[in-house]
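Chemist:
In the numbering used here, the protein residues as written are 36 to 153.
Below you can see the structure in the form of structure tokens.
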């Protein structure tokens with residue numbers, strides 16, 4: 036079955052960096068677009084970054100709120116997707132979720148918490 040397992044969250048000071056990882060299994064990873072979402076308390080889940088499949092060229096897109104600071108990437112040999120987060124701000128504090136779609140269904144990981152604070 037499809038599994039997505041996020042890791043790498045934690046507490047970081049404003050201006051700092053973190054790299055989130057998502058280990059994927061149970062589907063043809065290289066053929067799937069992968070996404071990172073986040074959800075802050077009291078707010079709706081927000082699409083942060085997306086990377087297309089290998090066959091689609093691995094194209095990336097970002098929300099305006101993170102463009103220029105976050106970078107999504109994938110390693111198709113390891114079935115991993117990453118989110119490099121630089122110049123973190125307090126408003127980046129949220130639970131971050133890995134997401135994909137397979138056979139018409141959306142799948143989510145359990146999430147990893149990122150807290151940006153002094």
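Where a beta carbon is used, it is the ideal one built from N, C-alpha and C, also for glycine.
Everything numeric in this text was worked out from a predicted model, so none of it was measured.
1) Give the DSSP-derived three-state secondary structure of residue 125 in the structure shown.
2) Would you kindly report the start and end of the unbroken beta strand (DSSP E) that includes residue 105?
3) Could you tell me which residues DSSP puts in a beta bridge with residue 45?
4) Return the bridge partner residues of residue 134 from the DSSP annotation.
5) Starting from the Cα of residue 69, find the closest Cα among 76, 77, 56 and give me that residue.
6) Going by beta carbon distance, what residues of the same chain come within less than 6 Å of residue 95, once the five residues before and after it are set aside?
7) If I follow the unbroken beta strand (DSSP E) through residue 60, where does it start and stop?
8) Identify whether residue 98 lies in helix, strand or coil by the three-state DSSP scheme.
Modeler: On the basis of the data shown:
1) helix
2) Bounds of the beta strand (DSSP E) holding residue 105 are 105–110.
3) 149
4) 70, 143
5) 56
6) 86, 107
7) Membership of residue 60 in the beta strand (DSSP E) is indicated by the continuous run 53–60.
8) coil
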